[in-house]
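Comments concern the structure below.
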Amino acid sequence: MHRSRLRSRPGCRVRTRIGAGVIGTALAGALLAAVPGHAPTAGTGIQWGACPEKPVPDGMRCGYLAVPLDYEAKGEAKAKDSGTVRIAVAKLPATGPAAHRIGSLVLNFGGPGAPGVSTLAADPHAFAELNKRYDLVAFDPRGVGRSAPVTCGAGPQGEGTPTGSPAPTGPAAQLAALRAVARRCALDSGPVLPYVGTVSVARDMDLLRRALGEDKLDFLGFSYGTRLGAVYAALFPRRTGRMVLDGVDTLTEPLGEQALLSAVGQQRALDNFLVWCAHQPGCVYGTNTRTAKQKVEALVTRLDAAPLTGEGGLRFTGQDVVDAIGTALYSPKAWPGLAEALALVERDGDPVGLMQLGGPEEPPPSPPPPSASPGEDAGPAAVPADNATAALVAVNCADDPDRGDAKASPEAVARELEALQPVFLAASPIFGPRQLMTVLACYGRPAGTDFIRRIDRPAGIPRILLVGTRGDPATPYEWTEETAKRLGNTVVLDYKGDGHTGYIASRCVQGYVDHFLNDGHLPSGTRSCPAGEP
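Numbering (the numbering used here), first residue to last: 1 to 534.
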């Protein structure tokens, strides 16, 4: 989970800076010391035209697909009366001979909160082999990007608190602030907010399949996109075609269990980085990986107590160190930069290298423009600055039925977190405290659906390829094994490398994926790809 900025590779899961603002270090310290009527008719097709993003690849076309705002409205007439949401869609036509064309391949690059249209426009060459035989199709899920973006009326971190405002102190004030943020999100997001969530997006994706003229959906999903693909397959098993899920998400464990395993995965990735660093000349932490972990922990503690001043006079805290490290762990290609940045801050007290990896950001110079209504064209300038984070929280909460006791006293919540603290610290002294705070991420919001939790070997599901990376910091390998059991008819590709997702990192993984999507060939049983190859 990350701030609103995507990295260069697909599947980079949108990270929210849980340690900042209302949900974060201050909270930890306190608690532990749609427009109806006038929109187009749903599912009537896509009118392709020029793309609002600039620049875009040659041949890329964009358009909108109208989908029902509320799929649960009883009866077709009531569903239409509830209004529609216009989903932004983009297509890159197949580059190979027409005789070899397979159809449309829908992609989701992760999130929740990641816009698909701009991501495809930014790096289509990563999928050039697939683009020879497929039209590549991407879309901004409802609530994201140019598809009726949700917002909490805040800056990029989506904290709901004006930049520079002191965080409220004390358990009662902190929990009241969380409720206030939830109310602000509901007010500022408009009618779409109650209808975001993976189940609704999967239904949108089936209307997209139909609008593209495809009998079955061929799909390649990364990170959160694997949750979306799995839900689609559970809802529409007989309309599911060739499907690959890379960087497999949970389906879903309770928030507390997700957070704990996320801390385990991040710590495992950090340990792998420190082992790598120990074998590099001049590693600031030397060759002893046990003491290296202790020194990273000490750096976080030291900067939380006495923050440094970085570029533009911004304060750089220990939680910003955690944020920067978490960002760099997404790809081994970032490890040399992380090693240099840690050396700079340890030896010279200069956080600039870490800030460039993922430190605090300048607030926007002016308030973001208001979000567009579901029937309006939300161009790039109309996407709120906090949309990625606001959508991440909204979708994750919509997908999870668990909530704490809303009537529990702040002191009781504090005691509950205090009891969990040793477990999270044992999982990771660096990432554990922050992950612990995610158990409150949905505080003050309505309980979500239990549909995803109940997925259990859906009848009629075709064989699906799951790619799990052993050193993945965002989607631990354990989730690949769990989802394989939940879906049933799967083949697991065990990538022994590091980083988040395997398709871009490994030619071996790419070979399996391309072969299956292009030719439909998928061997049975678990397969593996080695680490260390390009």
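Each residue gets a CB set at the ideal place from its N, CA and C atoms; glycine is no exception.
Predicted model only: the values in this text are computed from it and were never measured.
Residues bridged to residue 504 (per DSSP)
DSSP lists no partner for residue 504.
Check: Taking the C-alpha atoms as reference points, what is the distance between residue 479 and residue 426?
Finding: When the Cα atoms are used, residue 479 and residue 426 turn out to be separated by approximately 20 Å.
Open item on the list: Does residue 88 come out as helix, strand or coil in the three-state DSSP assignment?
Closed with: DSSP, reduced to helix, strand and coil, places residue 88 within a strand of the structure shown.
| said: So, at 8 Å on beta carbons, what are the nonlocal neighbours of residue 275 in its own chain, with the 5 sequence-adjacent residues on each side left out? | reply: Cβ neighbours of residue 275 beyond the five flanking positions: 289.
Reduced DSSP category for residue 142 - H, G, I as helix; E, B as strand; rest coil:
If DSSP states are grouped into helix, strand and coil, residue 142 belongs with coil.
Tell me which residue opens and which closes the alpha helix (DSSP H) that residue 545 is part of. As shown, the chain starts at 1 and ends at 534. That puts residue 545 outside it, with no answer to give.
task: Assuming residue 191 and residue 113 form a contact by the criterion Cβ under 8 Å, report the distance between their Cβ atoms to the nearest whole angstrom.
output: So it is not a contact: roughly 19 Å between Cβ atoms.
Looking at the secondary structure, which residues open and close the beta strand (DSSP E) in which residue 339 lies? Counting along the chain, no beta strand (DSSP E) covers residue 339; the unbroken alpha helix (DSSP H) around it starts and ends at 335-348.
Sorted by chain position, which residues of the same chain lie with C-beta nearer than 7 Å to residue 182's C-beta, five sequence neighbours on each side aside?
Excluding sequence neighbours, residue 182 sits near 444, 445.
Give the list of continuous alpha helix (DSSP H) stretches no shorter than 4 residues that lie fully inside the segment 170-213.
Look at the segment 170-213 and you find these whole runs of alpha helix (DSSP H), each 4 residues long or longer: 171-189, 198-211.
According to DSSP, is residue 284 part of a helix, a strand, or is it coil? Of the three classes helix, strand and coil, the one that applies to residue 284 here is coil, per DSSP.
Exercise. Between the segment 454-472 and the segment 499-518, are three or more C-beta pairs nearer than 8 Å?
Worked result: Between the segment 454-472 and the segment 499-518 there are three or more C-beta pairs closer than 8 Å, enough to call the two in contact.
Among 267, 315, 312, which one has its Cα closest to the Cα of residue 565?
-> Examination of residue 565 is not possible in this model, given that the chain is present from 1 through 534 alone.
* For residue 428, count neighbouring Cβ atoms within 10 angstroms of its own Cβ and tell me buried if that reaches 16, exposed if not. => Looking at its Cβ environment, which holds 16 or more other Cβ atoms inside 10 Å, residue 428 is buried.
Start and end of the alpha helix (DSSP H) containing residue 427? In this chain, the alpha helix (DSSP H) harbouring residue 427 covers 410-427.
Task: Where residue 496 falls: helix, strand or coil (DSSP) - done: Strand, per DSSP.
**Asked** Based on Cα-Cα distance, which residue from 256, 115, 47 lies nearest to residue 434?
**Response** The residue from 256, 115, 47 with its alpha-carbon nearest to that of residue 434 is 256.
Checklist entry - Measuring CB to CB, does residue 148 end up less than 8 Å from residue 116? => result No, the Cβ-Cβ distance between residue 148 and residue 116 is not below 8 Å.
(message) Would residue 500 and residue 312 be called neighbours here (beta carbons separated by less than 8 Å)?
(response) No. Outside cutoff.
Cα-Cα, which of 198, 322, 407, 334 is closest to residue 144? Of the candidates 198, 322, 407, 334, the one whose C-alpha sits nearest the C-alpha of residue 144 is 198.
Margin query: For residue 104, list the residues DSSP reports as bridge partners.
Written below: Partner residues in the beta bridge of residue 104, as assigned by DSSP, are 135.
Worksheet item: Does DSSP classify residue 237 as helix, strand or coil?
Response: Residue 237 sits in a helix when the DSSP states are folded into three classes.
Segment limits, alpha helix (DSSP H) that includes residue 528: Counting along the chain, residue 528 falls outside any alpha helix (DSSP H), though it belongs to the beta strand (DSSP E) covering 527-529.
message: Please report the distance separating the alpha-carbon of residue 515 from that of residue 133.
response: The straight-line gap from Cα to Cα measures roughly 12 Å.
Checklist entry - What do you reckon, are the CB atoms on residue 232 and residue 202 nearer than 8 Å? => result Yes, the pair counts as a contact, with Cβ atoms nearer than the cut-off.
ask   = By a C-beta neighbour count over all protein chains shown, 10 Å radius and 16 as the cutoff for buried, is residue 207 buried or exposed?
value = That one is buried.
Check your understanding: Are residue 337 and residue 328 close, meaning C-beta to C-beta below 8 Å?
Key -> Yes; because the gap between Cβ atoms is below 8 Å, this pair is in contact.
Next item on the list: Identify which residue in 473, 396, 389, 350 has its Cα closest to the Cα of residue 227.
Entry: Nearest Cα to residue 227 within the set 473, 396, 389, 350: 396.
Note to self: Please state the DSSP three-state secondary structure of residue 329.
What the structure shows: In the structure shown, residue 329 adopts coil according to DSSP, grouped into three states.
message = Rounded to the nearest angstrom, what separates residue 440 and residue 404 at their Cα positions?
response = Those two C-alpha atoms are separated by around 8 Å.
- [ ] Let me know if residue 214 comes out buried or exposed under the rule of 16 or more other beta-carbons within 10 Å of its beta-carbon.
- [x] By the neighbour-count rule (16 or more Cβ atoms within 10 Å), residue 214 is buried.
Taking residue 152 as part of the alpha helix (DSSP H), name the residues at either end of that continuous run. That residue, residue 152, is in no alpha helix (DSSP H); it is neither H nor E in DSSP.
Fill in: Anticipated Cβ contact below 8 Å, residue 454 with residue 490, distance rounded
For a cut-off of 8 Å, the C-beta gap from residue 454 to residue 490 is around 18 Å, too long to register as a contact.
* **Secondary structure of residue 118, DSSP reduced to three states** => In the displayed model, residue 118 falls within a helix according to three-state DSSP.
- prompt: Taking the alpha carbon of residue 476 as the point to measure from, which residue in 250, 49, 195, 388 has its own alpha carbon closest?
  reply: Comparing C-alpha distances from residue 476 to each of 250, 49, 195, 388 shows the shortest one belongs to 250.
Selected residue, minimal CA-CA separation from residue 352, among 319, 310, 386, 389: That would be 310, whose Cα lies nearest to the Cα of residue 352.
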